[in-house]
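Notes for the one structure printed next.
Protein chains in written order, with my numbering: chain W, 1389 to 1500; chain F, 148 to 261.
In structure tokens, the structure reads:
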């Protein structure tokens, strides 16, 4: 069966360090993978998209990698700040399915 | 201006009641969605509409009935509410479905069934 797993429900790191979040999937052939941020009491907000033929994408302090062989995406936040504390969701987009399917999220806490 | 707006934000109601959640988007998108997020934060698609036509219906009980009067609106009506329906319901929109386009979410409607 299809499955999307994000690493541990919670990730705690010290300010200034790099946070690395993982998104593993099985039995999917996504054309795209997206990362969203969700703050408590709010809806998810889009951060980055990476295509299946792209290895890496960057945006300011954010970096996403996509390895279709390992069926994994890594999401990095460098020089993390307490304001980066939130839940981060990965979403796989399979064109033939016509929808985005979300992982269960990782809650990141950056401590000052 | 709010891109995707949904009302009400909070809803507490008794089992057996019927309730509706309204959603509007002002982004000019063709596709709208309803997602359900449970207490474990798992975000699961319920319905997707493209230009007022239902294109995804993800094994949702018949008690849930979406209605799209035009492509800017997608309302969700729930009959005979059950305790298990308690969750956060997110309305969302995008330019097209399944093409990697950004999904824009509303702020959510917190439904509590007592």
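The C-beta atom is built at its ideal place from N, Cα and C for all residues, glycine as well.
Residue i to residue j, Cα distance in whole Å?
| i | j | result |
| --- | --- | --- |
| residue 1499/W | residue 1473/W | 9 Å |
| residue 1435/W | residue 249/F | 9 Å |
| residue 156/F | residue 1467/W | 35 Å |
| residue 154/F | residue 180/F | 15 Å |
| residue 1423/W | residue 240/F | 16 Å |
| residue 1406/W | residue 183/F | 31 Å |
| residue 1439/W | residue 1487/W | 15 Å |
| residue 172/F | residue 152/F | 6 Å |
| residue 195/F | residue 178/F | 7 Å |
| residue 1459/W | residue 208/F | 32 Å |
Got a sec: is the Cβ-Cβ distance from residue i to anything in chain W below 7 Å?
| i | result |
| --- | --- |
| residue 253/F | yes |
| residue 249/F | yes |
| residue 168/F | no |
| residue 225/F | no |
Who are the Cβ neighbours of residue i in its own chain at under 6 Å, not counting the five residues just before and after it?
| i | result |
| --- | --- |
| residue 1390/W | 1415 and 1416 |
Does residue i have its Cβ less than 7 Å from a Cβ in chain F?
| i | result |
| --- | --- |
| residue 1452/W | no |
| residue 1432/W | yes |
| residue 1416/W | no |
| residue 1404/W | no |
Residues in the same chain with beta-carbon distance under 7 Å from residue i, minus the five sequence neighbours each way, listed in chain order, please.
| i | result |
| --- | --- |
| residue 192/F | 180, 182, 203 and 205 |
Within the 7 Å Cβ cut-off, does residue i reach chain A?
| i | result |
| --- | --- |
| residue 189/F | Included in the structure are the protein chains W and F, with no chain A among them. |
Between the segment 223 to 238 of chain F and the segment 166 to 174 of chain F, can you find at least three pairs of beta-carbon atoms closer than 8 Å?
By the C-beta criterion, the segment 166 to 174 of chain F is judged to be in contact with the segment 223 to 238 of chain F, since at least 3 inter-stretch pairs fall below 8 Å.
Please specify which runs of the beta strand (DSSP E), each continuous and at least 3 residues long, are wholly inside the segment 185 to 210 of chain F, giving them in chain order.
Look at the segment 185 to 210 of chain F and you find these whole runs of beta strand (DSSP E), each 3 residues long or longer: 190 to 197 and 200 to 204.
Report the residue ranges of all beta strand (DSSP E) runs contained in full by the segment 1456 to 1483 of chain W; include only those spanning at least 3 residues, in chain order.
Counting whole runs of 3 or more residues, the segment 1456 to 1483 of chain W contains the beta strand (DSSP E) stretches 1460 to 1465 and 1474 to 1482.
Threshold first: 3 residues or longer. Then list the beta strand (DSSP E) segments lying entirely within the segment 1408 to 1457 of chain W, N to C.
For the segment 1408 to 1457 of chain W, whole beta strand (DSSP E) runs of length 3 or above, ordered along the chain, are 1420 to 1426, 1433 to 1439, 1444 to 1447 and 1450 to 1455.
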